[in-house]
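All residue numbers in the sequence shown are consecutive under the working numbering, ending with 448. Backbone N, C-alpha and C fix where the C-beta goes; we use that ideal spot for every residue, glycine too. The next block holds one structure in the form of structure tokens; read it before the comments.
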Amino acid sequence: MVQFNIEKKLTLWIFILLLVAIGIGFFLPVPDGSWQSILGKIVLFFLVFIGLYYLLFNAKSQPIYTTEEERLDEDEPLTILSDDGEETEEQTWEGFSAAFRTLNLLFLSVIKDALVASNVAFFLKKTDGDLEFQAGENDHDQVQRRAPVTAGHIVEFVSKQKAPVLEGNLPIGVKLNALLDPEIRTFLGAPLIYCDDVVGVLAVGSEAVENFGNDDKQILSRYADLMSQAMTICHRGLRWELDQVVFQILLDLIGTFKNYNDEHSIISFFVQRIRQLFQFERFTFCERKGNEAVTTHVFGQMDDIDRGYTFSLDDGLNGWMIKRNAPLRISDMEEGDYVRPRYSRLESTRHGLRSFMGIPLGKDGQEAWACLSLESRAVDQYSEKAKDVLVFLASILEVNIERIRLNEQLSSLKASKSDELNSFQLD
């Protein structure tokens, strides 16, 4: 519903009167020598001029919206109702992930200043157990970019010892990380422990020899405990956020799938919605045809394996899933124990895709009749939690594909019965 305020009503009336005045001035004849008519023309001219000036000025001062969405997109502070019913300005919240990144940088600055260190760094363990640099700070700037830890680095010793490590006379050339200058001669590191497991390392370095002592070790250990507690809170928050997103996607899938009656539409919508949860460059849907399978739907990167490609179930990862009716998650398809083709031995290996996650479609204890897979150029892209979520969402897709096929079979059966009945009546 459109609601006019007082200003808009006034503008509307002026516009109507302006049209009337122009009409009167155009059609009103001016007799020769009639000063009243000439004066009327002059008055109408000034009224038209004032009206035009007001409309022009008002148009410049008022924004123009063509849709309600454009009005909502204007950069104005949003308001929400507080508990007491009063309107309060809404605080921007970007999620627990962004909050944890901000907390890390603030924490690192505090630690560096408290221990008078040359630089400070924060490392996390990956799913394969290797440490990875996450963020750091030196005297010049802050660095927030993932980078691998060099094999044999002293940071790894902290993780293995599961205890603080102090080294006061390091050889020349050691850095906390390649992204951080300067070189350090004194190192102090403390493990980040979550559920009795080391999940990361908090470390500081100094250019001076023997710059840290036992008191500094206790202080850094306390900071590490505080960061571990913050990680616990953010981890639980991230799980809550993920559950909310998954639940919303589930509602969207259930609510939208019932409106579609063809497989391509529901698979397209499925791909569109899961992009909110998973990062992938390619989505593939394969169907079993005896001892082979065929790629029936491909979204994203198009390489030599396109739609309609037939491959043996004995060749690649997708065939492995279909034959065993078991989900599969691989951190790196180019290295490790699962270096094998995605579909066929004949496919090119220069596709650039590294991470793989696939889900078979089929009831437990029975043969799978299809599978879907996600592929990403990033290494170690998918977690065990991601696999569990995709298994759950894929079951909704499977049910709706079977619904569509059953409806098609029923429609075909009805048409066949109708033809038989018509033929019988004619006989």
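- Looking at 301, 405, 190 and 173, the one whose alpha-carbon comes closest to that of residue 204 is 190.
- Counting of Cβ neighbours within 10 angstroms places residue 380 among the buried residues, the total reaching 16 or more.
- In the displayed model, residue 148 falls within coil according to three-state DSSP, outside both helix and strand.
- Looking at the backbone, the Cα of residue 404 and that of residue 340 are separated by about 21 Å.
- Residue 157 is bridged by DSSP to 142 and 164.
- Distance from residue 132 to residue 287 at the Cβ level is roughly 51 Å; contact not present, criterion being Cβ atoms closer than 8 Å.
- Residue environment for residue 254: exposed (fewer than 16 other C-beta atoms within 10 angstroms of its C-beta).
- Closest option to residue 420, judged by alpha-carbon separation, among 390, 237, 312 and 173: 390.
- In this structure, DSSP gives residue 202 a state outside helix and strand, which the three-state scheme calls coil.
- Between residue 399 and the set 384, 353 and 432, the nearest pair of CA atoms involves 353.
- Per DSSP, reduced to three states, the secondary structure at residue 378 is strand.
- Taken through DSSP and simplified to helix, strand or coil, residue 388 comes out as coil.
- Under the DSSP definition of a beta bridge, residue 183 lacks any partner.
- Per DSSP, residue 303 is not a residue of any alpha helix (DSSP H); the beta strand (DSSP E) it occupies stretches across 303-310.
- The beta-carbon separation of residue 276 and residue 303, rounded to 27 Å, does not stay under the 8 Å limit for a contact.
- Taking the CA atoms as reference points, residue 179 sits about 44 Å from residue 382.
- For the pair residue 242 and residue 185, the Cα-to-Cα distance works out to about 7 Å.
- Collapsing the DSSP output to three states places residue 350 in a strand.
- Excluding sequence positions up to five before and after residue 305, its CB lies within less than 6 Å of the CB of 316, 319 and 394, all in the same chain and listed in chain order.
- Within the same chain, Cβ atoms closer than 7 Å to the Cβ of residue 166 are found at 200, the five residues on either side in sequence being excluded.
- Within 10 angstroms of the beta-carbon of residue 216 lie fewer than 16 other beta-carbons, which makes it exposed.
- Counting along the chain, residue 225 sits inside the beta strand (DSSP E) bounded by residues 218-227.
- The residue from 409, 312, 233 and 220 with its alpha-carbon nearest to that of residue 135 is 233.
- Within the DSSP secondary-structure output, residue 197 pairs in no beta bridge.
- Linking residue 278 to residue 431 through their CA atoms gives a straight-line distance of about 19 Å.
- If the five residues before and after residue 425 are omitted, its C-beta is found closer than 8 Å to the C-beta atoms of 281, 282, 283, 284 and 287, all from its own chain and listed in chain order.
- Collapsing the DSSP output to three states places residue 188 in a strand.
- Assignment of residue 299 by DSSP, reduced to helix, strand and coil, places it in the coil class.
- Looking from the CA of residue 237, the closest CA among 415, 147 and 188 belongs to 188.
- Taking all protein chains shown into account, residue 362 has 16 or more neighbouring C-beta atoms within 10 Å of its C-beta and is therefore buried.
- According to the DSSP assignment, residue 333 belongs to the beta strand (DSSP E) that extends over 331-333.
- Across the structure, residue 129 and residue 223 are spaced so that their CA atoms are roughly 9 Å apart.
- Straight through space, the alpha carbons of residue 206 and residue 227 are spaced by roughly 6 Å.
- Our two residues, residue 220 and residue 246, have alpha carbons roughly 12 Å apart in a direct line.
- Around the C-beta of residue 193, fewer than 16 other C-beta atoms lie within 10 Å, and the residue is accordingly described as exposed.
- In the displayed model, residue 258 falls within a helix according to three-state DSSP.
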